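K.L.:
Provided herewith is a single structure, encoded as structure tokens, for subsequent inquiry.
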Amino acid sequence: MGNLSVGGTGKSPMVEYLIRLLKDKAVLATLSRGYKRETKGFQLVKTSATAKDVGDEPLQFKKKFSEVLVAVDADRRNGIANIKKQVPNPEVILLDDAYQHRKVKAGMYILLSSYYDLYCDDIVLPTGNLREPRSGADRADVIVVTKCPNHLNNKEQIAIKDKLKVKPSQLVLFSTIHYGGFIMNTSDTKSIQNMKNTPFTLVTGIANPKPLIKYYSELGLEFTHINYPDHHNFSEQDINSLKAHPFIITTEKDYVRLVSHISSESLWYQPIEMQFINDQEKFDDYIISFIKK
79 MGNLSVGGTG
89 KSPMVEYLIR
99 LLKDKAVLAT
109 LSRGYKRETK
119 GFQLVKTSAT
129 AKDVGDEPLQ
139 FKKKFSEVLV
149 AVDADRRNGI
159 ANIKKQVPNP
169 EVILLDDAYQ
179 HRKVKAGMYI
189 LLSSYYDLYC
199 DDIVLPTGNL
209 REPRSGADRA
219 DVIVVTKCPN
229 HLNNKEQIAI
239 KDKLKVKPSQ
249 LVLFSTIHYG
259 GFIMNTSDTK
269 SIQNMKNTPF
279 TLVTGIANPK
289 PLIKYYSELG
299 LEFTHINYPD
309 HHNFSEQDIN
319 SLKAHPFIIT
329 TEKDYVRLVS
339 HISSESLWYQ
349 PIEMQFINDQ
359 EKFDDYIISF
369 IKK
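371 is the number that this note's numbering gives the last residue of the sequence shown; the numbers go up by one with no jumps.
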């Protein structure tokens, strides 16, 4: 699974969706690069690890799904070989952000493209934002247009399919981001509606924080936004600066990097999930029938 664009297409919510779908149907593992970790080589992710050890997204997966084997290795072939040595032996390995890894031939390719930044409207780096030419989409078995407006109708979906010039054999679906109506920390849950009279600081270190900003703004919440680059490694100076803020809401990915440094009373995160606008059952059946072969 992966994308043609550099970052920001919603890979983590898709991985989590697939974990929820498959974890009770097969012995499951995930393999990620572990972006910006300070270690090298193959590592199994433990719930006690830090983001500096294994990367923020793999740690997020492990903390949410402790029963699933989560591993990191920039060399996907080496990672797969090591995963296959584990007991019990995984029957399905979800390759996170491995669409361009030609040394590994996956059984199925899922390609993600953001609604607001379709790969068909872009060109390759350095002028554009694509990792490879648009023709790379031909390898995909499934194409998911992510981060769509909730109200995207069938006519608009057909127009996008035509624009993407998908092949008849490719399954194309449309998904949106669903923000839970609550925020969480390690010990508590709070309704987001209760924040209407409580100013807070929104801290993000993700590729595109605009949907979350829009969501909070439409709820009429009062907040200031501190924005860091995607996968930002928070320095001691950053941490000390953030400690001055009495109430912080951040993304789940940023939370795993900040939680060991900032009091849980002050630090909360906003859960998100990927939801299909329609044809969820078609997608689920397609994936499940594939792993049963």
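Yeah, the Cβ is synthetic: ideal placement off N, Cα and C, and Gly gets one too.
The structure presented is a predicted model; accordingly, all values stated were derived computationally and were not measured.
Hey, quick one: how far does the alpha helix (DSSP H) through residue 368 stretch, first residue to last?
P.N.:
Where residue 368 is concerned, the enclosing alpha helix (DSSP H) stretches over 358 to 370.
K.L.:
Taking all protein chains shown into account, do 16 or more other C-beta atoms lie within 10 angstroms of the C-beta of residue 198, making it buried, or fewer, making it exposed?
P.N.:
Result: exposed.
K.L.:
Which whole-angstrom value is the C-beta distance of residue 369 and residue 100, which I expect to be below 8 Å?
P.N.:
With a Cβ gap of about 7 Å, residue 369 and residue 100 count as contacting.
K.L.:
Determine the direct distance from the alpha carbon of residue 151 to that of residue 283, and round the result to whole angstroms.
P.N.:
Using only the alpha carbons, I get a separation of about 22 Å.
K.L.:
If you drop the 5 nearest sequence neighbours on each side, which residues of the same chain put their C-beta closer than 6 Å to that of residue 105?
P.N.:
Cβ neighbours of residue 105 beyond the five flanking positions: 166, 168 and 169.
K.L.:
For the segment 202 to 209 against the segment 237 to 252, do three or more pairs of beta-carbon atoms, one drawn from each stretch, fall closer than 8 Å, so that the two count as touching?
P.N.:
In short, these stretches do not touch, since the Cβ pair count stays below three.
K.L.:
With DSSP run on the structure shown, which of helix, strand or coil describes residue 186?
P.N.:
Coil, per DSSP.
K.L.:
Identify which residue in 86, 118 and 129 has its Cα closest to the Cα of residue 335.
P.N.:
Nearest C-alpha to residue 335: 129.
K.L.:
Answer yes or no: do residue 132 and residue 154 have a C-beta to C-beta separation smaller than 8 Å?
P.N.:
Contact flag unset, no.
K.L.:
For the beta strand (DSSP E) holding residue 148, just list the boundary residues, first then last.
P.N.:
147 to 150 is the span of the beta strand (DSSP E), which, as asked, contains residue 148.
K.L.:
For residue 229, count neighbouring Cβ atoms within 10 angstroms of its own Cβ and tell me buried if that reaches 16, exposed if not.
P.N.:
Looking at its Cβ environment, which holds fewer than 16 other Cβ atoms inside 10 Å, residue 229 is exposed.
K.L.:
Below 6 Å CB to CB, which residues in the same chain sit around residue 310 once its five sequence neighbours on both sides are set aside?
P.N.:
Within the same chain, residue 310 has close Cβ partners 283.
K.L.:
Based on Cα-Cα distance, which residue from 83, 299, 330 and 312 lies nearest to residue 195?
P.N.:
The residue with the shortest Cα to Cα distance from residue 195 is 83.
K.L.:
So, residue 222 versus residue 190, is the Cβ gap smaller than 8 Å?
P.N.:
Against a cut-off of 8 Å, the Cβ pair of residue 190 and residue 222 comes out as a contact.
K.L.:
Ignore the nearest five residues each way along the sequence and tell me which others in residue 161's own chain have a CB closer than 8 Å to its CB.
P.N.:
Excluding positions up to five away in sequence, the list reads 107, 109, 147, 149, 168 and 171.
K.L.:
Would you report the Cα separation of residue 278 and residue 90, rounded to the nearest angstrom?
P.N.:
Approximately 25 Å between the Cα atoms of the pair.
K.L.:
Across the segment 345 to 365 and the segment 252 to 272, are there enough close Cβ pairs to call them in contact, namely three or more that are closer than 8 Å?
P.N.:
Judged by Cβ distances under 8 Å, the segment 345 to 365 makes contact with the segment 252 to 272, as three or more pairs qualify.
K.L.:
Identify the residues that DSSP records as bridge partners of residue 110: which are they?
P.N.:
Paired residue(s): 150.
K.L.:
Whole-angstrom Cβ separation of residue 347 and residue 327, contact assumed at under 8 Å?
P.N.:
Sure, about 7 Å apart at Cβ, within 8 Å.
K.L.:
Leaving out five residues on either side along the sequence, give the residues of the same chain with a beta carbon under 6 Å from the beta carbon of residue 357.
P.N.:
Cβ within range, chain order: 251.
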